[in-house]
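Trainee: Position 59 (the sequence shown) corresponds to 1025 in the numbering used here; numbering is contiguous. Here a beta-carbon is modelled for each residue, glycine too, at the ideal position from N, C-alpha and C. Predicted model only: the values in this text are computed from it and were never measured. Can you keep this structure in mind? I'll have questions shortly.
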Amino acid sequence: MAIISRLLLALFLLTFMVLSQAIATDFNEFETPLVNATSAISEVKINCGGECVRRCALVRRKNVCYRACGTCCARCNCVPPGTSGNQNVCACWASQTTHGGRKKCP
């Protein structure tokens, strides 16, 4: 009798573990992504100061670059990789212009 109770208990625990793993896997499929489907701006804020230091590392006029980069980063919440170019990675970054129609973001 004791052996049958232990086997039933072990079977119950095994079934419980398998079902809980299956439920956890199903819920992970429905998690919301960090980026909204209708917007290219992610919900997680990036460190604009650190990203702009990286982006403006090779320019001569660092203060001008930091100011423009900080404004663009705050609006777009992204900074393209590298020290120049690569603006196609961040569509918002590429679309920012000055009053004169020139590109705003470094």
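#1: Can you find a CB in chain D that lies within less than 8 Å of the CB of A1057?
#2: Tell me whether the beta-carbon of V1045 lies closer than 8 Å to the beta-carbon of R1021.
#3: Determine the DSSP secondary structure at P999, reduced to helix, strand or coil.
#4: Where do the N-terminal and C-terminal ends of the alpha helix (DSSP H) with E1009 fall, by residue?
#5: How far does the alpha helix (DSSP H) with R1033 in it reach, from first residue to last?
Mentor: Well, looking at it:
#1: Going by chain labels, chain D is absent from the structure shown, which holds only one protein chain.
#2: yes
#3: Low confidence applies here, because P999 scores a pLDDT of 46, under 50, leaving its location unreliable; read the following figure in that light. Coil.
#4: From DSSP, E1009 is part of no alpha helix (DSSP H); its letter is neither H nor E.
#5: 1028–1042
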